[in-house]
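For the sequence shown, the numbering used here begins at 24 and goes up steadily by one.
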Amino acid sequence: MKCIAGIWFPDAEMHLQTVFGPNIDGKATYQYHKLEASLRYVKQWRCAVDVGMHVGLWAMHLAKRFNQVIGFEPVAEHIDCLRLNMAESPNYVVREMALGHRTGSVGLRILPGSTGSTQIDEEGQGIEMRTLDSFDLTDVDFLKIDVENYEYFVVEGGEQTIRRCKPIIVIEQKGDKTRKHKSTYGRERHDAKELLESWGAKQLFEMNGDHCMGW
Numbered sequence: 024m025k026c027i028a029g030i031w032f033p034d035a036e037m038h039l040q041t042v043f044g045p046n047i048d049g050k051a052t053y054q055y056h057k058l059e060a061s062l063r064y065v066k067q068w069r070c071a072v073d074v075g076m077h078v079g080l081w082a083m084h085l086a087k088r089f090n091q092v093i094g095f096e097p098v099a100e101h102i103d104c105l106r107l108n109m110a111e112s113p114n115y116v117v118r119e120m121a122l123g124h125r126t127g128s129v130g131l132r133i134l135p136g137s138t139g140s141t142q143i144d145e146e147g148q149g150i151e152m153r154t155l156d157s158f159d160l161t162d163v164d165f166l167k168i169d170v171e172n173y174e175y176f177v178v179e180g181g182e183q184t185i186r187r188c189k190p191i192i193v194i195e196q197k198g199d200k201t202r203k204h205k206s207t208y209g210r211e212r213h214d215a216k217e218l219l220e221s222w223g224a225k226q227l228f229e230m231n232g233d234h235c236m237g238w
């Protein structure tokens with residue numbers, strides 16, 4: 024591990040430090056303007072769910088606002104860094120697994136350069152996968168999903184939770200540049216956003232491929 028601008032990262036991380044935002048509480052931030060813009064729409068501050076927690080770049084700030092933060096992160100090295108970054112936040116829990124549309128086991132593809140580019144390998148094994156709905160969460164007021172083109176499957180597996188709680192949602196929908204508009208998993212680029220819209224969600228704003236959805 025290495026500490027850069029007050030944040031712990033895996034040794035392999037080479038990209039994120041080049042796109043840091045302003046320092047907050049002595050630590051660098053990542054896409055903090057998107058986080059702040061989305062939080063303006065939050066009405067209650069009970070529970071935030073962070074799917075694709077990475078090393079806690081958003082969770083560190085969510086824990087200051089919400090009563091509880093529940094995160095999902097399948098990469099052990101990311102979790103080691105996360106625990107250091109969240110050491111001052113007693114109100115969080117990290118589930119060491121992936122989220123998707125089914126219960127089972129998957130693998131991981133860790134791409135070079137940015138550790139944030141880790142992808143689910145449907146044909147692999149060794150990483151537990153569950154659905155968001157399997158946790159029966161009831162007080163989710165904010166939901167962030169950034170899982171490198173696997174967002175549709177996370178949303179599909181969280182239908183009951185999302186419909187019940189109607190959280191403010193920030194969801195990445197950037198697609199895979201090597202596959203034109205299709206994602207790595209054969210879905211269209213905006214399929215997850217459109218699925219949310221079919222349930223009644225409305226787009227509040229879009230920033231560089233990240234969509235903030237409300238109700």
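No residue lacks a Cβ here, since even glycine has one placed at the ideal position from N, Cα and C. Computed from a prediction, not measured in an experiment: that's the story for all the values here.
Collapsed DSSP secondary structure at residue i in the structure displayed
i: methionine 152; result: strand
i: aspartate 103; result: helix
i: tyrosine 115; result: strand
i: serine 128; result: strand
i: valine 98; result: coil
i: glutamine 54; result: coil
Classification of residue i by the beta-carbon crowding that lies within 10 angstroms, buried from 16 upward
i: isoleucine 192; result: buried
i: isoleucine 47; result: exposed
i: arginine 132; result: exposed
i: glycine 223; result: exposed
i: methionine 230; result: exposed
i: methionine 24; result: exposed
DSSP bridge partner residues for residue i (one or two, in chain order)
i: methionine 230; result: Asp233
Reference residue i; option with closest CA among the options
i: arginine 161; options: Met24, Gln67, Asn46; result: With the sequence shown as reference, residue 161 is identified as threonine, and arginine is not the correct amino acid for it. Cα-wise, what sits closest to threonine 161 is Gln67.
i: leucine 105; options: Met37, Met83, Phe89; result: Met83
i: glutamine 196; options: Leu39, Glu217, Phe43, Gly181; result: Glu217
i: tyrosine 115; options: Pro190, Trp238, Ile93, Phe43; result: Ile93
i: leucine 134; options: Ile143, Gly127, Thr126; result: Ile143
i: methionine 37; options: Glu151, Gly139, Gly237, Glu146; result: Gly139
i: serine 137; options: Arg63, Ile194, Val42; result: Val42
i: glycine 79; options: Pro190, Lys57, Tyr64, Asp103; result: Asp103
i: isoleucine 168; options: Lys87, Ala121, Thr52, Lys225; result: Ala121
Cβ separation of residue i and residue j, assumed to be a contact under 8 Å, to the nearest whole Å
i: leucine 155; j: threonine 184; result: 5 Å
i: glutamate 119; j: glutamate 96; result: 7 Å
i: tyrosine 175; j: arginine 153; result: With a Cβ gap of about 16 Å, tyrosine 175 and arginine 153 do not count as contacting.
i: glycine 29; j: alanine 51; result: 6 Å
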